[in-house]
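Peer 1: Below are the structure tokens for one structure; questions will follow.
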């Protein structure tokens with residue numbers, strides 16, 4: 760999450776320091792903190808997930824039955 764947003768909002772500041780389990784608990788629990796917890800969890804993991812998917816591109820295409828030419 761962008762540091763300037765975290766600095767402005769105390770609730771976001773606490774989420775920035777939350778553990779993964781706490782974030783997932785907030786997401787599952789619903790309420791007002793759900794969206795902020797989802798955003799924090801996403802921002803922590805989006806680069807990793809993207810790298811894994813790019814690395815496994817050929818395998819994913821094979822699973823769904825398309826080739827590069829079909830794209």
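Numbering (my numbering), first residue to last: 760 to 830.
From the three backbone atoms N, C-alpha and C, an ideal C-beta is built for every residue, glycine too.
Everything numeric in this text was worked out from a predicted model, so none of it was measured.
Determine the closest residue to residue 777 out of 806, 797, 789, with distance taken between C-alpha atoms.
Peer 2: Within the chain shown, the letter at position 18 stands for residue 777. If we check each option's Cα against that of residue 777, 797 comes out closest.
Peer 1: For a test of the three-state rule: what should DSSP assign to residue 810, helix, strand or coil?
Peer 2: Taking the first residue of the chain shown as 1, we reach residue 810 at position 51. DSSP places residue 810 in helix when its eight states are reduced to three.
Peer 1: Alpha carbon to alpha carbon, how far is residue 812 from residue 779? Give it in angstroms, no decimals.
Peer 2: If you number the chain shown from 1, residue 779 lands on position 20. If you number the chain shown from 1, residue 812 lands on position 53. Cα to Cα, the separation comes out at about 21 Å.
Peer 1: In the DSSP assignment, find the alpha helix (DSSP H) that holds residue 788 and state where it starts and stops.
Peer 2: Taking the first residue of the chain shown as 1, we reach residue 788 at position 29. Looking at the DSSP string, the run of the alpha helix (DSSP H) that includes residue 788 is 779-788.
Peer 1: From what residue to what residue does the alpha helix (DSSP H) around residue 815 run?
Peer 2: As a position in the chain shown, residue 815 is number 56, starting the count at 1. Unbroken run through residue 815: none, as it is neither H nor E.
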